[in-house]
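Below you'll find the structure, written out as structure tokens, and then a few comments.
Number of protein chains: 2
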Amino acid sequence: MAKDRPTIADVAARAGVSKGSVSFALNGRPGLAQATVDRILAAADELGWRPSNRARSLSVSKAFALGLVLTRDPAVLTSDPFFSAFIAGVESVLSRGGQALVLQVVTDGEDEVAGYRRLARDGRVDGVFLSDLRHDDPRIDLLSELGLPAVTLNRPVGASPFPAVCLDDRPGTVEVVEHLLQLGHRRIAHVAGPPTFVHATARADAFVATLADAGLEPAGLEISDFTAAGGIEATRKLLALEQRPTAIVYANDRMAIAGLGAAQQAGLTVPDDLSIAGFDDSELAEFVHPGLTTVRADPYAFGEAAATTLNQLIDGSGDVADVELPPARLVVRRSTARLEES
Amino acid sequence: MAKDRPTIADVAARAGVSKGSVSFALNGRPGLAQATVDRILAAADELGWRPSNRARSLSVSKAFALGLVLTRDPAVLTSDPFFSAFIAGVESVLSRGGQALVLQVVTDGEDEVAGYRRLARDGRVDGVFLSDLRHDDPRIDLLSELGLPAVTLNRPVGASPFPAVCLDDRPGTVEVVEHLLQLGHRRIAHVAGPPTFVHATARADAFVATLADAGLEPAGLEISDFTAAGGIEATRKLLALEQRPTAIVYANDRMAIAGLGAAQQAGLTVPDDLSIAGFDDSELAEFVHPGLTTVRADPYAFGEAAATTLNQLIDGSGDVADVELPPARLVVRRSTARLEES
DNA sequence: GTGATCGATTAAACCGGTTTAAAAGCTCAA
DNA sequence: TTGAGCTTTTAAACCGGTTTAATCGATCAC
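If you read the protein sequences in the order shown, they are chains U and P.
Residue numbering for the first sequence follows our numbering, starting at -7 and increasing by one per position.
Residue numbering for the second sequence follows our numbering, starting at -7 and increasing by one per position.
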């Protein structure tokens, strides 16, 4: 009943030409008479012909798909608000072009390497996105070795053979700190992400540098892990300091929201006793109490740009330039306030 | 340099047999002498041969991939904690078997239909997961029409030609309500998800039924939308009631956490003035202040079971039975407390 | 010794496209 | 009239597997 879809041979028969001519016509190759091309296109249209990308895959050795490997600890049901929007952005590019996105969620570093190897070995994808860049990221060498094209989300620290699509974290961080300084804060602490991650150190460095520009030192610098649990712990440590900070800047919203809870549990009122700022502008940020001052990027646009760039690299006409996206910007809500003289 | 990978012809040459024999040996087909099979397998092993699933795809008309289409509003950078763990579970099954997961994140109903059509038309996947079931879900007919095998996550309300993998929401909801009743609450309200969703009504129905069993009526029933913003609004309405509820049960954590913020903003202390419970046990649930009483499922196992079942359906030997997973269970934290007589 | 039977193996077709090399048709010059 | 030089078209090989039908060789009955 589900009548077989027409193949290129059916189109050829209907147009009264050979398979080869049909292929030429469909791919816009020169060398065919215009009249013939028109006839073939009409025939294809009438039959409702669609290319089989299985067949195309085999003959042109392409997968017509891009890959994303996310390394996440499933015990912590972590789910970045970043990625659903990012993926939607990627999708918007792939759906034109008839490409697909292959996703892998793996739980540790070993699986991660295995995941990329598998994508390459099975020829599942024509290229991959490299997210959550780490210092001396082993994936860069791995992908070079595998010969798998890639685009890095933000710029790795060392040399990289891959184009980078960048959304700079630092201006947002600078804005947060300057915002707090303007509110009169002088004892400002930072809860950073794991220093293995480039974006964690970038934010921490921007934090320290901005304070330094104002002639200040961090009132505390806790290295944490981007999780809510880590945020709680780091916050407790900071609040236990002799000179308690009057403001804490977190490297992501998850830690900030957890830290907000920790501060409240410790009997502090936010923002009266303590100002708090996050990073990401996750959905909840707006709706916790008090609303979280944070930094907002545009992950959807990030996804679009990354997909476009990766496709350019794969279609491979020459070098592909890095792309610079508008940086994340400060969003002020109620969790930060003018320092009360006490 | 990147020497071409060995093909089945190379293996055949090395083992001194024909291509066909190699194919038989590798697929464990009977009819070959054991000695020959051993020789072929050894040759394949020595050459490091791996099947090309592009070629296999073409000749057996299978994609060796499963699909998941998520409909999410990217403006609300919603990201279910459910799905990253679910996907990791799916992945754990697919990685054995050499399959891949194709993910689409779409932003509205039209794109959703187009997404499934595209997956089917392009032969991208051999089957799909049907999540976030709706009443009279149009996707069931759509997929039947497309002839795309599917597994539903939980059971649709009407007839369905597809096997269902079920993780019952209701026992958890019943437990929440009973927990609150035991704490002495009598005015308990519910913030439900959109009634189009089966799981939203399932939770709401279980809520109402459990109260009814105790001879009570809901102290309020707000229909919301699973978002934080919706949770805020619903909470405000409930708190404005003449007879304010002493406890609110939310259909998910996101609304509950937002509701928590709203209650605090309204000057209430949770749980002293108001008990609050969520659903999902998202990461933040444990770390907001006070820690959120909620209901926890095992989305990783859900993913495993769904993938296994879908594969059984695709490999298609006979009917596939529905799968019943252990239901979600109550997790008690600090956001619910004994009702203080006032 | 001949033919039937059966197990092991192979050649070739096939999946649905792309691509190459050759052929066919046409124009034009010598 | 021949053929050189184009443009247009086609046949066939190819991508790397699977599958079918045929073949080969050995065993067995008669």
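The C-beta atom is built at its ideal place from N, Cα and C for all residues, glycine as well.
Note that the structure is predicted; figures quoted are calculated from it, not measured.
Contact with chain P by residue i, beta-carbon distance below 8 Å
i	result
Arg110 (chain U)	yes
Gln96 (chain U)	yes
Phe218 (chain U)	no
Thr99 (chain U)	yes
Arg42 (chain U)	yes
Lys11 (chain U)	no
Ala293 (chain U)	no
Asp2 (chain U)	no
Thr70 (chain U)	Residue placement at Thr70 (chain U) cannot be trusted, given a pLDDT of 49 that sits under 50; what the coordinates show is reported in the next sentence. Yes, because at least one Cβ of chain P sits closer than 8 Å to the Cβ of Thr70 (chain U).
Gln257 (chain U)	yes
Glu83 (chain U)	yes
Leu317 (chain U)	no
Leu93 (chain U)	yes
Ala(-6) (chain U)	With a pLDDT of only 49 at Ala(-6) (chain U), under 50, the local geometry of the prediction cannot be trusted, and no value is derived from it.
Ala250 (chain U)	yes
Pro116 (chain U)	In the sequence under discussion, the amino acid at residue 116 (chain U) is Arg, which differs from the Pro named in the question. Chain P, which has a Cβ nearer than 8 Å to the Cβ of Arg116 (chain U), makes this yes.
Asp15 (chain U)	In the sequence as displayed, the identity of residue 15 (chain U) is Ser instead of Asp. Closer than 8 Å: no.
Ala80 (chain U)	yes
Leu266 (chain U)	no
Gly23 (chain U)	no
Gly8 (chain U)	no
Gly150 (chain U)	no
Ser87 (chain U)	yes
Gly335 (chain U)	It is not possible to answer for residue 335 (chain U), since the shown part of chain U is limited to -7 through 334.
Gly253 (chain U)	yes
Whole-angstrom C-beta distance between residue j and residue i, which should lie under 8 Å
i	j	result
Ala143 (chain P)	Leu305 (chain P)	Ala is not the amino acid found at residue 143 (chain P); the sequence shown has Val there. Val143 (chain P) to Leu305 (chain P), Cβ: 7 Å. Contact.
Gly107 (chain U)	Val61 (chain U)	5 Å
Phe199 (chain P)	His182 (chain P)	5 Å
Ala156 (chain P)	Asp314 (chain P)	5 Å
Arg109 (chain U)	Asp161 (chain U)	No, Arg109 (chain U) and Asp161 (chain U) are not in contact; Cβ-Cβ is about 30 Å, not under 8 Å.
Gly185 (chain P)	Asn244 (chain P)	7 Å
Ile180 (chain U)	Leu213 (chain U)	Contact flag wrong, Cβ pair sits at about 10 Å.
Residue i at chain U interface by Cβ criterion, 8 Å
i	result
Thr165 (chain P)	no
Val280 (chain P)	yes
Ala232 (chain P)	no
Arg113 (chain P)	yes
Glu38 (chain P)	no
Arg321 (chain P)	no
Glu225 (chain P)	no
Arg246 (chain P)	yes
Glu102 (chain P)	no
Glu275 (chain P)	yes
Ala221 (chain P)	yes
Gly90 (chain P)	yes
Proximity below 8 Å, CB of residue i to CB of residue j
i	j	result
Leu145 (chain P)	Ala298 (chain P)	yes
Arg46 (chain U)	Leu276 (chain P)	no
Cys158 (chain U)	Glu316 (chain U)	yes
His281 (chain U)	Ala239 (chain U)	no
Leu335 (chain P)	Leu135 (chain P)	In the structure as shown, chain P starts at -7 and stops at 334, and residue 335 (chain P) therefore has no counterpart that could be examined.
Val120 (chain U)	Thr63 (chain U)	no
Ala250 (chain U)	Leu266 (chain U)	no
Arg6 (chain U)	Gly164 (chain U)	no
Val312 (chain U)	Thr301 (chain U)	yes
Gly270 (chain U)	Ala293 (chain U)	no
Ile215 (chain U)	Pro237 (chain U)	no
Val287 (chain P)	Val168 (chain P)	yes
Ser13 (chain P)	Leu24 (chain P)	yes
Arg48 (chain P)	Arg113 (chain U)	no
Ile224 (chain U)	Phe279 (chain P)	yes
Residues, ordered as in the chain, of the stretch 45 to 64 of chain P that lie near chain U by beta-carbon distance below 7 Å = Going along the stretch 45 to 64 of chain P in chain order, one finds Asn45, Arg46, Ala47, Ser49, Leu50 and Arg64 with a Cβ nearer than 7 Å to chain U.
Along the chain, which unbroken stretches of the alpha helix (DSSP H) at least 4 residues long are found entirely within the stretch 184 to 258 of chain U?
-> Those alpha helix (DSSP H) runs which fall completely within the stretch 184 to 258 of chain U and span 4+ residues are 190 to 205, 220 to 231 and 245 to 257.
Could you name the residues of the stretch 188 to 213 of chain U whose beta carbon sits closer than 9 Å to any beta carbon of chain P, in the order they occur along the chain?
-> Contact residues of the stretch 188 to 213 of chain U toward chain P are absent (C-beta to C-beta distance below 9 Å).
If contact means a Cβ-Cβ distance below 8 Å, which residues of the stretch 298 to 309 of chain P contact chain U?
-> Taking a C-beta cut-off of 8 Å against chain U, none of the residues of the stretch 298 to 309 of chain P qualify.
Ranges of the beta strand (DSSP E) found wholly within the stretch 68 to 152 of chain U, counting only runs of at least 3 | When DSSP assignments are scanned along the stretch 68 to 152 of chain U, the uninterrupted stretches of beta strand (DSSP E) that are 3 or more residues long and fall wholly within it turn out to be 92 to 98, 119 to 122 and 142 to 145.
In the stretch 170 to 185 of chain U, which residues sit with their C-beta less than 8 Å from some C-beta in chain P, listed in chain order?
-> Cβ contacts with chain P come from no residue of the stretch 170 to 185 of chain U.
Of all the residues that make up the stretch 121 to 133 of chain U, which are near chain P by a beta-carbon distance shorter than 7 Å?
-> The residues in question: there are none.
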